[in-house]
Amino acid sequence: MALKATVAIRPDQKIGTISPHLYGHFTEHLGHCIYDGIWVGEGSEIPNDGGIRTDTVAALKAVKAPNVRWPGGCFADDYHWEDGVGPREERPRRVNIWWDDEESNQFGTDEFMRFCRMVDTAPYICMNVGSGTVAEQKLWVEYCNWIGDTQLSKLREANGSAEPHAVSWWAVGNENWGCGGRFTPEHYAMEYRRFACYLRGRSKTPLNLVAAGHTTPDWNRRFLTSMGCWDMIDHLSIHRYYHRGHQTDFDEDDYYGLYAEATAVDDDIRATVGALDDIVRGSKFIGIALDEWGVWHREAGWGLEQVNTHRDALVAASVLDILNHWCARVTMANLAQTINVLQCLIHTSGESFWKTPTYHLFDLYQAHMGKTAVVALVDGPSIDTTRGDGREMELALLGASASIGDDATAVALALTNRSLIEPMKVKLDWGGLPRAKSVTARCLTSDHPAAHNTAEQPDYVGLQEIKLTPAKFEKGIELPPMSVTMVELTY
Ligand code: AHR
Numbered sequence: 018m019a020l021k022a023t024v025a026i027r028p029d030q031k032i033g034t035i036s037p038h039l040y041g042h043f044t045e046h047l048g049h050c051i052y053d054g055i056w057v058g059e060g061s062e063i064p065n066d067g068g069i070r071t072d073t074v075a076a077l078k079a080v081k082a083p084n085v086r087w088p089g090g091c092f093a094d095d096y097h098w099e100d101g102v103g104p105r106e107e108r109p110r111r112v113n114i115w116w117d118d119e120e121s122n123q124f125g126t127d128e129f130m131r132f133c134r135m136v137d138t139a140p141y142i143c144m145n146v147g148s149g150t151v152a153e154q155k156l157w158v159e160y161c162n163w164i165g166d167t168q169l170s171k172l173r174e175a176n177g178s179a180e181p182h183a184v185s186w187w188a189v190g191n192e193n194w195g196c197g198g199r200f201t202p203e204h205y206a207m208e209y210r211r212f213a214c215y216l217r218g219r220s221k222t223p224l225n226l227v228a229a230g231h232t233t234p235d236w237n238r239r240f241l242t243s244m245g246c247w248d249m250i251d252h253l254s255i256h257r258y259y260h261r262g263h264q265t266d267f268d269e270d271d272y273y274g275l276y277a278e279a280t281a282v283d284d285d286i287r288a289t290v291g292a293l294d295d296i297v298r299g300s301k302f303i304g305i306a307l308d309e310w311g312v313w314h315r316e317a318g319w320g321l322e323q324v325n326t327h328r329d330a331l332v333a334a335s336v337l338d339i340l341n342h343w344c345a346r347v348t349m350a351n352l353a354q355t356i357n358v359l360q361c362l363i364h365t366s367g368e369s370f371w372k373t374p375t376y377h378l379f380d381l382y383q384a385h386m387g388k389t390a391v392v393a394l395v396d397g398p399s400i401d402t403t404r405g406d407g408r409e410m411e412l413a414l415l416g417a418s419a420s421i422g423d424d425a426t427a428v429a430l431a432l433t434n435r436s437l438i439e440p441m442k443v444k445l446d447w448g449g450l451p452r453a454k455s456v457t458a459r460c461l462t463s464d465h466p467a468a469h470n471t472a473e474q475p476d477y478v479g480l481q482e483i484k485l486t487p488a489k490f491e492k493g494i495e496l497p498p499m500s501v502t503m504v505e506l507t508y
């Protein structure tokens with residue numbers, strides 16, 4: 018028996034623009050994310066362009082990855098950028114204290130920029146506040162962005178880039194309440210002011226400066242209160258990881274429970290909005306950057322590698338819907354971490370390369386990029402579940418988000434049937450929209466929530482086209498269990 022639900026789309030109730038930056042990514046010098054995942058070196062037998070894997074580049078380009086954050090994470094607050102520029106054979110080898118490794122510095126600023134240009138994505142650099150100096154970080158900005166005759170702009174030119182890297186996004190530290198220096202919010206506010214004071218003047222590109230926030234109840238409020246000069250902050254960062262059960266071994270409670278855990282993202286954003294509204298009070302718009310998020314399974318061992326299943330992708334769809342819902346306040350989000358680490362999009366092993374179910378989810382959600390999010394009201398069945406913090410929840414079995422193109426000639430509608438076993442018949446109320454001229458639909462579905470792709474079976478979980486006509490779709494659609502469907506309409 019199919020479940021029944023209704024989605025009412027309200028094209029006149031606009032929420033805001035879905036910035037492509039909400040579907041961004043994060044790479045850290047951790048395990049096999051950078052080395053093997055992106056950088057294989059010029060002499061490698063793995064197909065590469067100047068040392069950068071071409072399969073990784075092509076895959077990220079295909080999902081229009083809007084930005085990539087680098088070099089960490091915790092690694093960022095112990096990274097000294099000058100170690101990673103200039104002739105590669107002369108670069109020093111250092112200890113990577115956070116990830117039990119050694120850092121060869123073969124992949125540094127200029128390699129990262131080349132990678133970003135190949136993918137056609139915006140670079141987002143996280144600076145070192147924990148163990149770095151203002152003098153060092155301000156010169157990093159100058160090295161990347163200055164156009165002129167200074168020693169550093171000349172050095173960049175000598176290193177192969179006459180044109181500036183034009184990096185707009187800069188984070189002033191990462192998790193500075195933890196691995197980024199264990200500051201109190203008040204102390205971090207003082208440091209933030211000192212660092213931020215010397216950055217903008219060194220850049221011909223306008224800077225988006227991101228401050229490190231937190232999800233504990235009081236960090237953001239104490240930090241913002243001490244900061245005072247809010248003109249120096251453009252975005253406040255928060256991170257959210259979640260898990261439930263085991264990566265491939267979980268029961269029904271864990272399956273639904275993982276969706277419940279992920280709703281913490283909604284709470285985090287609401288709490289951060291509350292802090293900004295109470296303290297900054299609209300005197301400056303400060304966006305929220307959820308610049309690390311995703312599932313972090315307990316099994317993630319050295320290198321934080323884990324199996325990424327169909328369940329993880331379904332739950333990520335609920336997070337992307339939350340981000341769409343908050344698109345007027347969230348300005349950037351970065352899934353952790355692109356290749357081989359945590360909830361990655363891509364796995365590599367030597368020459369082998371395969372995409373995770375989450376990759377296909379990001380492929381689907383491209384349809385929302387740059388459109389205006391509109392209200393989509395869901396009325397349908399739900400299930401009782403609990404979060405790890407003991408909170409009881411009624412989890413809707415249908416997830417949805419809708420967006421509309423600027424000129425109202427295109428609509429994207431994402432529908433997730435979270436039910437483990439039952440298909441769902443969804444009726445649509447179009448809120449006055451006329452019948453579309455054409456409709457296309459693609460669906461991420463699988464036979465088991467723990468299904469995943471491997472080097473041997475790289476396409477076990479993937480996308481399927483659904484044949485629809487505008488007249489047929491107008492009445493509704495039947496969604497398979499455990500599926501995400503993206504419907505795109507043109508008018
Ligand atoms: O993504 C792994 C780590 O998680 C990052 O380095 C850190 O910022 C976070 O705690």
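In this note's numbering, the protein residues as written are 18 to 508.
Cβ coordinates follow ideal geometry from the N, Cα and C atoms, glycine included.
Taking D251 as the centre and dropping the five residues before and after it, the same chain places the C-beta of N225, L226 closer than 6 Å to its C-beta, in chain order. Within the same chain, V24, A25, I26, R27, A417, S418, A419, L430 come within 8 Å of A393 by CB-CB distance, once the 5 residues on both sides are set aside. Shortest gap from the CB of N122 to any heavy atom of the ligand AHR: 8 Å or more.
Between the ligand AHR and the CB of E180, the shortest heavy atom gap is not smaller than 8 Å. Cβ-Cβ separation between H38 and M349: approximately 4 Å, consistent with a contact (criterion under 8 Å). The criterion of a C-beta distance shorter than 9 Å is not satisfied by E119 and V358. A direct Cα-to-Cα measurement between D424 and W343 gives close to 22 Å. In the structure shown, the three-state DSSP call for Q354 is coil. When C-beta atoms of the region 294–303 are compared with those of the region 242–260, three or more pairs fall below 8 Å, so the two segments count as touching.
I114 is classed as exposed because its beta carbon has fewer than 16 other beta carbons within 10 Å across all chains shown. Straight-line measurement puts the Cα of A413 at about 47 Å from the Cα of H97. Look at Y96 here: in three-state DSSP terms it is coil, with no helix or strand label. The three-state secondary structure of H469, taken from DSSP, is coil. Comparing alpha-carbon positions, the option among G320, G479, W310 lying closest to R86 turns out to be W310. Here DSSP, grouped into helix, strand and coil, assigns C460 to strand. For the 9 Å CB-CB criterion, A288 and R404 do not form a contact. At least one heavy atom of the ligand AHR lies closer than 8 Å to the C-beta of L359.
Ranked by how close their Cα comes to the Cα of G422, the residues T34, A345, L20, P234 have T34 in first place.
Going by DSSP, K442 is part of the beta strand (DSSP E) stretching over 441–446.
DSSP places Y276 in the uninterrupted alpha helix (DSSP H) bounded by 269–279. Only exposed fits G218, as fewer than 16 other CB atoms lie within 10 angstroms of its CB. At a cut-off of 3 residues, the continuous stretches assigned as beta strand (DSSP E) that sit fully inside the region 414–443 are 415–421, 427–434. Setting aside the 5 residues that flank it on each side, G58 is surrounded in the same chain by G68, each with a C-beta closer than 6 Å to its C-beta; the list follows chain order.
With respect to the 9 Å criterion, A279 and A333 are classified as neighbours on the basis of their beta carbons. Under the DSSP assignment, L156 falls in the alpha helix (DSSP H) whose first and last residues are 151–162. For T138 and M18, the gap between their C-alpha atoms comes out near 45 Å. Remark: the shortest separation between the CB of L321 and any heavy atom of the ligand AHR falls under 8 Å.
The count of Cβ pairs closer than 8 Å, one atom from the region 319–326 and one from the region 47–58, reaches three, so the stretches are in contact.
Distances between the C-beta of E316 and the heavy atoms of the ligand AHR are all 8 Å or more. Looking at the DSSP output, N113 shares a beta bridge with D118. When Cβ pairs closer than 8 Å are counted between the two stretches, the region 229–238 is seen not to touch the region 261–270, the count staying below three. Straight-line measurement puts the Cα of N176 at about 29 Å from the Cα of W116.
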